[in-house]
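Have a look at the structure below before the remarks.
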Amino acid sequence: MHTVNIHEAKTHLSRLVDQAARGESFVIAKAGKPLVKVVPLSVPGAGQAKRLGFLVGQITVPDDFDRMGAQEIESLFGGAE
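Take 992 as the starting number for the sequence shown in my numbering and just add one per residue.
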């Protein structure tokens, strides 16, 4: 991992970001003192993103799910008891 000073980082930011995205992390320093480490983000590759429905067949939702607790809610908000 190499170290660049702030001025060099500002001058070559695009190139440095491309390198970091390829896995070549680097450190930005000020007056020789390391300040930050630039590393690539861990992003899932194409086709690896999590999708809705990953629990299909493993759980069940009751048919009255949208009406569950309706009486209690009505009584809490001054509805007919």
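Heads up, the beta-carbon is just placed ideally off N, CA and C, and yes, glycines get one too.
All values reported here derive from a predicted model rather than from experimental measurement.
For residue i: DSSP bridge partner residues
i, result
"F1017", "H993 and V1029"
"K1041", "DSSP output for K1041 lists no bridge partner at all."
Cα-Cα separation, residue i to residue j
i, j, result
"Q1039", "L1032", "15 Å"
"R1058", "I1064", "10 Å"
"G1048", "G1023", "57 Å"
"L1067", "D1055", "20 Å"
Option nearest residue i by Cα separation, candidates the options
i, options, result
"S1005", "A1061, V1029, P1053 and R1042", "V1029"
"V1027", "D1054, N996 and K1041", "N996"
"T992", "R1013, H998 and T1002", "One detail in the question is off: residue 992 reads as Met in this sequence, not Thr. Closest by alpha carbon: R1013."
Range covered by the alpha helix (DSSP H) that runs through residue i
i, result
"A1012", "L1004 to A1012"
Sequence-distant residues of its chain with Cβ nearer than 6 Å to residue i (five each side left out)
i, result
"T994", "V1018 and A1020"
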